[in-house]
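As you go down the protein sequences, you meet chains C and G in turn.
Counting with the numbering used here, you get residues 1 to 114 for the letters of the first sequence.
Counting with the numbering used here, you get residues 1001 to 1116 for the letters of the second sequence.
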Amino acid sequence: NAGVTQTPKFRILKIGQSMTLQCTQDMNHNYMYWYRQDPGMGLKLIYYSVGAGITDKGEVPNGYNVSRSTTEDFPLRLELAAPSQTSVYFCAALADPGFDQPQHFGDGTRLSIL
Amino acid sequence: AQKVTQAQTEISVVEKEDVTLDCVYETRDTTYYLFWYKQPPSGELVFLIRRNSFDEQNEISGRYSWNFQKSTSSFNFTITASQVVDSAVYFCALWVYAGNNRKLIWGLGTSLAVNP
């Protein structure tokens, strides 16, 4: 079982470039999330989705966009990359914990903006 | 307001010592879930445990145990006879139902170093 797959694993961008971080899950979970983790820090929520066609902002949405056209995919788009967006990005696909299903995170995407 | 506090930023122990990682949460919800995740130096996030607000039984899994006390809003994590492989950052998180939305509220993590 793949769980949550994030691509790419590493990327270096120049200031002002744009890119899309891909996230795909094969568990049919409704809830998907994008987090960023700066060095030595905790997780900050960027955007999340409770189902296909529904997205909402988290704590730090500025500079990012998301879409959720299918249950499986939840891409994160960076427009006009800035050095402050250098971070590790984690995607998660979570089930309602009341259903006692596993909670999965992707392995992360390390992004550097130079 | 919903919040998770992990007051211990860093802990350093010697192998075979027992260590407890504290987690205090705030929520007005009567139904909620608490989680612990481990982030080893390799960077991935590893799910350790989920506990719902109606189940205050302590849980033990090998060298790991969790103590959930609603009276003090705490969900502490103890590692018995710590090993070097336990060195990691440990995160406590609270799952909240915010209207139609669902999300995890994270603590800032406790960095545990187990020295040989």
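Even for Gly, the Cβ is constructed at its ideal location relative to N, Cα and C.
Check: Listing by chain order, which chain G residues have their CB less than 8 Å from the CB of Gln103/C?
Finding: What Gln103/C touches in chain G: Phe1035, Phe1047 and Arg1050.
Next item on the list: Measure the alpha-carbon distance for Ser1012/G versus Ile1079/G and round it to whole angstroms.
Entry: Taking the straight line from one Cα to the other gives about 13 Å.
Item checked: Residue closest to Thr5/C, alpha-carbon to alpha-carbon, out of Ala52/C, Phe90/C and Ile54/C -> Residue Phe90/C is the option with its Cα nearest to Thr5/C.
Check: Applying a beta-carbon distance threshold of less than 7 Å, which residues of chain G neighbour Asp96/C?
Finding: Result: Arg1102.
Notebook entry, point to check: For Asp1086/G, does the count of other Cβ atoms within 10 angstroms reach 16, so buried, or fall short, so exposed?
Noted result: Looking at its Cβ environment, which holds 16 or more other Cβ atoms inside 10 Å, Asp1086/G is buried.
Check: At a Cβ cut of 7 Å, what residues of the region 1074 to 1094 of chain G count as close to chain C, listed as they run along the chain?
Finding: The residues in question are Phe1091.
Item checked: Whether Pro8/C touches Leu21/C by CB criterion (9 Å) -> Yes; because the gap between Cβ atoms is below 9 Å, this pair is in contact.
Next item on the list: Can you grab the Cα-Cα spacing for the pair Tyr35/C / Tyr1064/G, in whole Å?
Entry: Taking the straight line from one Cα to the other gives about 27 Å.
Notebook entry, point to check: Got a sec? Which residues, its chain only, sit under 6 Å from Pro1040/G by beta carbon, not counting five neighbours each side?
Noted result: The beta carbon of Pro1040/G is closer than 6 Å to those of Ala1088 in its chain, skipping five residues each way along the sequence.
Next item on the list: Take Glu79/C and list the residues in its own chain whose beta-carbon comes closer than 6 Å to its own, dropping the five residues that flank it on each side.
Entry: So the qualifying residues of the chain are Ser18.
Item checked: Within chain G, partners of Asp107/C - CB distance below 7 Å -> The contacting residues are Glu1044.
Next item on the list: With a 10 Å radius around its C-beta and 16 neighbouring C-beta atoms as the bar for buried, classify Ala92/C as buried or exposed.
Entry: The C-beta of Ala92/C has 16 or more other C-beta atoms within 10 Å across all chains shown, which makes the residue buried.
Next item on the list: Count the other C-beta atoms from every protein chain shown that fall within 10 angstroms of the C-beta of Val1014/G, then say buried if there are 16 or more, exposed otherwise.
Entry: Answer is exposed; the Cβ neighbour count stays below 16.
Item checked: Distance between Ile15/C and Leu111/C (C-alpha atoms, nearest Å) -> Rounded to whole angstroms, the gap between the alpha carbons of Leu111/C and Ile15/C is 12 Å.
Next item on the list: Taking 9 Å as the cut-off, decide whether the C-beta atoms of Cys1023/G and Thr1009/G are in contact.
Entry: No, these two residues do not count as a Cβ contact at 9 Å.
Check: By Cβ distance below 7 Å, which residues in the same chain neighbour Asn28/C in space, the five residues on each side in sequence not counted?
Finding: Sequence-distant Cβ neighbours of Asn28/C in its own chain, meaning closer than 7 Å and more than five residues away, are Thr71.
Next item on the list: Could you name the residues of the same chain whose beta carbon sits closer than 7 Å to that of Val1114/G, not counting the 5 residues immediately before and after it, in chain order?
Entry: So the list reads Val1013, Glu1015, Ser1082, Gln1083, Val1084, Asp1086 and Ser1087, once near-sequence residues are dropped.
Next item on the list: Please classify Phe1054/G: is it buried, with 16 or more other beta-carbons within 10 angstroms of its beta-carbon, or exposed?
Entry: Burial call: exposed.
Check: Interface residues of chain C around Gly1109/G at Cβ under 7 Å?
Finding: Neighbours of Gly1109/G on chain C, chain order: Gly42.
Margin query: Bridge partners for Gln25/C per DSSP, in chain order?
Written below: Beta-bridge pairing links Gln25/C to Val4/C.
Next item on the list: Could you work out which residues of chain G lie near Leu45/C, taking near to mean beta carbons separated by less than 7 Å?
Entry: Chain G residues near Leu45/C: Lys1103.
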